[in-house]
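Numbering (this note's numbering), first residue to last: 92 to 405.
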Amino acid sequence: MTELVIPIFGDNLLSGMAYAASPVCVDMPDGQKREIVFELSNLVTKIAEKIIYYTIDNLSKSLHDEQNKVAFAFLQRATIFHISNHKISSEGITTKRHEKECKLVDEYKTMPLTRSVYEHLAMFYYLFHYTDDQNQREIIWKSWILGSKTNLLKDSGPEYKKERAKAKKEYEDILTILRNNKLIKECLSNPSGKFEECLNSRAVFTVNRKGTKYIAEKLTYDKAWKYLYGSKIEIHSLLYNYLSMHSHPTYNGLLQFNCQEENIEFPLYESCYFLAYLCRLFMKHFQIDNSVIVSSLSERDREIFMYLSNGMIV
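This is how it looks when you write it as structure tokens:
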């Protein structure tokens with residue numbers, strides 16, 4: 092068997108992909124890996140900003156539609172999270188003590204930002220790309236909105252009386268629409284359809300056919316992983332549970348805070364994958380031609396983006 096060695100600084104397709112994968116797949120000094128991560132981050136940020144400004148300049152009329160407006164907010168917020176991640180990763184967190192700067196070192200300080208980019212990617216996928224079936228899309232969209240209305244109904248103070256009344260009316264209206272949905276009617280006819288279970292959990296859900304029956308199914312962030320990546324990327328640190336461990340005050344997350352080693356900005360590297368993928372899905376949703384970003388990228392940059400976005404640019 093012949094071992095194929097791909098130079099990461101070459102000009103061919105494989106070299107671009109190898110370069111994008113090199114921080115975790117190639118044995119090199121941490122300093123060099125760190126430089127590559129920041130270069131990848133700068134590239135993805137440049138692409139996201141290009142798409143954002145193109146949308147503002149050329150697709151402003153389409154943003155009058157509620158769903159398109161929401162989709163645009165997804166990309167903008169994810170980009171802001173990623174840029175914040177890059178800034179913190181490159182500059183660190185500093186405080187002053189006795190008139191001197193002291194750096195707070197935490198390898199996992201950007202995990203919550205990385206997780207936020209992933210959550211925006213996953214929910215964007217569910218809302219706009221999970222299915223072409225209009226009944227399913229209505230269920231996903233309305234169940235997603237219901238979660239926000241449910242949170243508003245929790246406000247118990249008298250100063251929120253008007254907001255609660257409005258949210259309750261909107262909640263009931265959306266619930267009526269859902270119950271009249273063709274697939275949900277089929278689901279309600281099945282005693283084990285799990286519609287009320289999904290509804291009460293305030294989760295985003297849809298209804299799928301299982302054999303001859305229709306069953307409501309939650310669409311969770313960790314489940315989105317298999318739809319987005321399947322088995323193409325086997326980097327355990329990208330798992331949603333791992334990201335969550337360091338976004339919440341869990342025992343393992345806090346224990347590992349005191350057992351850190353020199354890092355190469357893995358959270359930022361992971362965020363590059365998520366934002367690049369979201370850019371590709373956003374372009375598909377708005378039917379933005381690939382030439383919009385290809386025209387500003389070198390051949391090598393296109394190869395790198397192809398790998399990070401888990402897709403192909405032609």
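Note that CB positions come from ideal geometry on N, CA and C, so glycine has one too.
Keep in mind that this is a model prediction, so the values were computed, not measured.
Could you name the residues that DSSP lists as bridge partners for residue i?
i	result
Asn401	According to DSSP, which records beta bridges pairwise, Asn401 is partnered with nothing at all.
Val385	Looking at the DSSP assignment, Val385 forms no beta bridge with any residue, so it has no partner.
Glu192	Lys187
Glu130	Glu130 pairs with nothing; no bridge assigned.
Thr297	Glu308
Give every residue of the same chain whose Cβ lies closer than 8 Å to the Cβ of residue i, excluding the five residues on either side of it in the sequence, and list them in chain order.
i	result
Trp406	Look at the range of the chain in this structure, 92 to 405, and you will see that residue 406 is not part of it.
Cys398	The question names Cys, yet the displayed sequence has Tyr at residue 398. Cβ within range, chain order: Gly107, Met108, Ala111, Ala112.
Tyr216	Ala315, Tyr318, Leu319, Leu372
His327	Residue placement at His327 is flagged as unreliable, the pLDDT there being 49, under the threshold of 50; the coordinate-derived value follows with that caveat. The residues are Tyr333.
Glu288	Ala307
Asn133	His177
Cys116	Ala109
Leu279	Arg270, Phe286
Ile179	Lys200, Thr201, Leu204
Met119	Ser113
Leu195	Gly183, Ile184, Thr185, Thr186
His220	Leu372, Lys375, His376
Quick test of your reading: residue i and residue j, contact by CB under 8 Å. State the CB separation rounded to the nearest angstrom.
i	j	result
Phe373	Ala162	7 Å
Ser106	Ile127	Rounded, the Cβ-Cβ distance is 13 Å, inconsistent with contact.
Glu192	Thr185	5 Å
Glu210	Tyr318	Between Tyr318 and Glu210 the Cβ distance is about 14 Å, and since that is not below 8 Å, they are no contact.
Met171	Thr136	For the sequence presented, residue 171 should be read as Ile rather than Met. With a Cβ gap of about 10 Å, Ile171 and Thr136 do not count as contacting.
Glu277	Tyr305	4 Å
Ile265	Leu237	6 Å
Lys309	Ser292	7 Å
Starting from the C-beta of residue i, find all residues in its chain whose C-beta is less than 7 Å away, skip the five residues before and the five after it, and write them out in chain order.
i	result
Asn275	It is Ile, not Asn, that sits at residue 275 in the sequence shown. Cβ neighbours of Ile275 beyond the five flanking positions: Ile230, Leu269, Phe286, Val298.
Ser400	Ala367, Tyr368, Cys370, Arg371
Leu154	Lys160, Phe163
Asp392	Leu134
Asn272	Asn226, Glu229, Ile230
So the candidates are the options; which of them puts its Cα closest to the Cα of residue i?
i	options	result
Arg125	Glu254, Arg393, Leu359	Leu359
Glu261	Ser280, Asn271, Thr241, Tyr251	Thr241
Phe296	Val115, Lys160, Ala307	Ala307
Ala294	Trp316, Ser239, Tyr145	Ser239
Asp223	Asp148, His376, Asn291, Gly284	His376
Tyr368	Lys187, Ala256, Asn271, Leu166	Leu166
Ser283	Asp264, Leu237, Glu390, Thr303	Thr303
Phe365	Gly402, Ile147, Gly183	Gly402
Phe129	Ser389, Glu356, Val385	Glu356
Val383	Lys141, Lys257, Cys116, Glu394	Lys141
Leu150	Leu330, Asp392, Ile379, Gly321	Ile379
Pro340	Asn281, His220, Pro203	Pro203
Here's a check: name, in chain order, each residue in its chain whose Cβ is nearer than 6 Å to the Cβ of residue i, leaving out the five neighbours to either side.
i	result
Ser362	His173, Asn176, Thr205, Val208
Ala213	Tyr312, Ala315
Arg300	none
Ser338	Met202, Pro203, Arg206
Ala258	Lys240, Leu243, Leu244
Secondary structure, alpha helix (DSSP H): runs of 4+ residues fully inside the segment 218 to 248: Within the segment 218 to 248, the complete alpha helix (DSSP H) runs of at least 4 residues are 225 to 244.
Any alpha helix (DSSP H) of 4 or more consecutive residues that is wholly inside the segment 336 to 366: 342 to 348
Every unbroken beta strand (DSSP E) within the segment 103 to 186, with a cutoff of 3 residues, ordered by chain: none
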